[in-house]
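When the letters of the sequence shown are read in order and numbered with numbering that gives the first Met the number 0, they come out as residues 0 to 197. Where is the CB? At the ideal position from N, CA and C, for every residue including glycine. All figures in this text were calculated on a predicted structure; none of them were measured in a lab. Worksheet: one structure, shown below.
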Amino acid sequence: MNEHYQRLEEFYASGSVPWDQADPPPEVLALAPTLRPGRALDLGCGLGRAAIFLARSGWQVDAVDFIPQAITEARQRAEAARVTGVNFHLGPVTAMPTLSGPYDLALDVGCAHSFNPTELQAYQAELKRLLRPGATYLLFAHLRAEEDEASAEARWLDDATLQRIFADGFMLERVEYGQTSVRGDTWRSAWFWFQRSP
């Protein structure tokens, strides 16, 4: 069991999850109405806020997370909200053999930024397999501090590595850089809008 998994398990066990909000982020709320509802993939779905929102908006959603408690609670929340059209799956987003495309939208709000380059490559290969040409992939990630970008030991995602890996099969349409603060810690962060290449 790796340190990241343990930290997430502790968050859910404590009942104090920083990303437990009623609605998905504004970027997701703004994107959804611009797209025709189809099939969506919510990667690292947590407690299901984005998956439930998309299902309410007419999407058929497959939502994936590797923390059992997150999936259990997400299912309960969807049932309590009487939301249909969403299926929750327990497992890693770097290997999703039970899922088959094509998907029209993939969403990742804070999952891939914990991957090392090998995991990121496996994750990209799954997205490339599952998304149809022209599909949208929206990613939010914490980024390494600029002074740590060359360090293999640094925490969070290396921007250059992400863009290099996703240059195969995806077009980067837009990036919005910023900062994110959680419980007194602040990190570089960014939203990335990709499109699956033809």
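The region 72-86 makes no contact with the region 112-121: fewer than 3 CB pairs, one atom from each, lie closer than 8 Å. Assignment of beta-bridge partners to V174 by DSSP yields F191. Contact annotation: the region 137-144 touches the region 153-173, with at least three C-beta pairs closer than 8 Å. At a Cβ-Cβ threshold of 8 Å, W190 and E172 do not count as neighbours. In the DSSP assignment, S180 is bridged to T185. Nearest C-alpha to L138 among V27, Q20, G168, E125: V27.
Between A166 and E125, the C-beta gap is not smaller than 8 Å, which leaves the two residues out of contact. Cβ neighbours of L40 within its own chain (closer than 6 Å, five residues either side excluded): D61, Y102, A105. The residues L119, Q120, Q123, in chain order, have a CB closer than 7 Å to that of I164 in the same chain once the five nearest residues on each side in sequence are set aside. Sequence-distant partners of P91 (beyond 5 residues in either direction) whose C-beta falls short of 7 Å from its own C-beta, in its chain, are F65.
In this structure, R38 keeps its C-beta atom at 8 Å or more from the C-beta atom of Q20. In this structure, the straight-line span from the alpha carbon of T97 to that of G45 is close to 19 Å.
For G109, same chain residues with a beta-carbon under 6 Å away, outside a window of 5 residues either side, are F139 in chain order. Here S56 is actually not in contact with P132; their C-beta atoms are around 23 Å apart, not less than 8 Å.
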